[in-house]
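K.L.:
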Amino acid sequence: MNNEISERKKESYKIFNDIAGTYDLLNHTLSFGIDIYWRKKFIKYLPKKESINALDLATGTGDVPLTLIADPRIKKITGLDLSSGMVDIGIEKVKKKGLDKKIFLMLGDGTNIAAADESFDITTISFGIRNFSDPQKSLHEIFRVLKNEGRVMIMEFAIPTNPIVRAVYFFYFRHFLPRIGNLVSKHKDAYTYLNQSVEDFPFGDEFLKLMANAGFTNLKKESLTFGIAMIYIGDKK
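If you number the sequence shown the way the numbering used here does, the last residue is 271 and the count never jumps.
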């Protein structure tokens, strides 16, 4: 792991505080809206339960909770994030939709989850675990707070294996996206860091190994949009 990136992860929430005001706009624009489609994949993998209490880590402005709550099986969602700027925006989005009796966003650390053992039926993370200071510790924490028969679903960027797709991907991620992201967000290098963190993070089978180390079973992964992202699924038995 790149030592500089590793150090920045410890205070990455400060970056998100700085870019909170433009985050949603840039997120949807720079992904061409495909991030909305990706998040809906979580519903496909919900466990077969009639009532689900969900936890969303690195919840940001609450897009995952606002996606999941559309499924009637989801009764309550707690969203945690270390960035107060992002959480504040998320709370307003939730209130505007009249969902503040079902979705609860608050400050919280994905590597030290302030919840009792076996509290949740599912835990989700969308494009956030690569920014955690200790992803392995987070996975152990997720395992702890999940009920038996609980499920974790994690979505994260990956590196495409197709050489042509990978070349286009690297050009976009290394040059175009950081330039536009930094310009619009008015942050000197937020999107440079965010994209460097993608290349620094284990993906595919390497990430499944981290999940297995935390105790998860029935592991599976699904490649999304030519391999530029992946969703990882694991169960607590």
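Ideal Cβ positions, reconstructed from N, Cα and C, are used throughout, including at glycine. Keep in mind the model is a prediction, meaning the values are calculated, not measured.
(1) Checking 8 Å against the spacing of the C-beta atoms, do residue 56 and residue 167 come in under that value?
(2) Taking DSSP's pairing of strands, which residues face residue 245 in a bridge?
(3) Return helix, strand or coil for residue 61, following the three-state DSSP convention.
(4) Could you round the C-beta distance between residue 100 and residue 131 to whole angstroms and report it? I think they count as a contact, below 8 Å.
(5) Relative to the alpha-carbon of residue 222, which residue among 58, 52, 41 and 240 has its alpha-carbon at the smallest distance?
(6) By DSSP, does residue 33 sit in helix, in strand, or in coil?
(7) Which residue from 259, 268, 230 and 198 puts its Cα closest to that of residue 243?
(8) Looking at residue 64 and residue 215, is the spacing between their C-beta atoms short of 8 Å?
(9) Compare the C-alpha of residue 209 against each of 228, 192 and 92 and name the closest.
(10) Can you find the residues in the same chain that come closer than 6 Å, C-beta to C-beta, to residue 89, ignoring five residues on each side of it along the sequence?
(11) With the cut-off set at 8 Å, would you say residue 98 and residue 76 are in Cβ contact?
(12) So, under 8 Å CB-CB, residue 141 and residue 118 are touching, yes? Tell me the CB distance rounded to an integer number of Å.
(13) Are the segment 195-203 and the segment 170-183 touching, with three or more C-beta to C-beta distances below 8 Å?
(14) Should the segment 239-259 be regarded as contacting the segment 172-181, the criterion being three or more beta carbon pairs within less than 8 Å?
(15) Based on DSSP bridge pairs, tell me the residues matched to residue 227.
(16) Threshold first: 4 residues or longer. Then list the alpha helix (DSSP H) segments lying entirely within the segment 61-148, N to C.
(17) Closer than 6 Å by C-beta to residue 254: which residues in its own chain qualify, once you throw out the five before and the five after it? Chain order, please.
(18) Tell me which same chain residues have a C-beta within less than 7 Å of the C-beta of residue 74, skipping the five on either side of it?
(19) Report buried or exposed for residue 115, applying the criterion of at least 16 other Cβ atoms within 10 angstroms of its Cβ.
P.N.:
This is what the structure holds:
(1) To locate residue 56, count along the sequence shown from 1; it is residue 22. To locate residue 167, count along the sequence shown from 1; it is residue 133. Not closer than 8 Å, so no.
(2) Looking up residue 245 in the sequence shown gives position 211. For residue 245, which the question treats as bridged, DSSP gives no partner whatsoever.
(3) As a first step, residue 61 is located in the sequence shown; it is residue number 27 there, counting from the start. Helix, per DSSP.
(4) Along the sequence shown, one-based indexing puts residue 100 at 66. Along the sequence shown, one-based indexing puts residue 131 at 97. With 8 Å as the limit, residue 100 and residue 131 qualify as a contact, their Cβ atoms being about 7 Å apart.
(5) Taking the first residue of the sequence shown as 1, we reach residue 222 at position 188. Checked all of 58, 52, 41 and 240; the closest Cα to residue 222 is 52.
(6) Past the boundaries of the shown model lies residue 33; the chain is included only from 35 to 271, so the question cannot be answered.
(7) The count along the sequence shown starts at 1 and reaches residue 243 at position 209. The option with the nearest alpha carbon to residue 243 is 268.
(8) Start at 1 with the first residue of the sequence shown, and residue 215 comes out as number 181. Start at 1 with the first residue of the sequence shown, and residue 64 comes out as number 30. Result yes, Cβ atoms of residue 215 and residue 64 sit closer than 8 Å.
(9) On the sequence shown, residue 209 is found 175 positions in, with the first residue counted as 1. Looking at the Cα atoms, 228 is the closest of the given residues.
(10) Position 55 of the sequence shown, counted from the first residue, corresponds to residue 89. For residue 89, where only same-chain residues beyond five positions count, the Cβ hits under 6 Å are 112, 154 and 157.
(11) In the sequence shown, counting from the first residue as 1, residue 98 sits at position 64. In the sequence shown, counting from the first residue as 1, residue 76 sits at position 42. For residue 98 and residue 76, yes; Cβs fall inside 8 Å.
(12) Residue mapping note: residue 141 aligns to position 107 of the sequence shown, counting from 1. Residue mapping note: residue 118 aligns to position 84 of the sequence shown, counting from 1. Right, the Cβ-Cβ distance comes to about 6 Å (below 8 Å), so this counts as a contact.
(13) no
(14) yes
(15) Stepping through the sequence shown from its first residue, residue 227 is reached at position 193. DSSP output for residue 227 lists no bridge partner at all.
(16) 68-73, 75-78, 97-102 and 118-130
(17) The residue labelled residue 254 in the question sits at position 220 within the sequence shown. Counting only Cβ-Cβ distances below 6 Å, and skipping sequence neighbours, we find 267.
(18) One-based indexing of the sequence shown puts residue 74 at position 40. So the list reads 101, once near-sequence residues are dropped.
(19) In the sequence shown, counting from the first residue as 1, residue 115 sits at position 81. It is buried - the Cβ of residue 115 has at least 16 other Cβ atoms within 10 Å.
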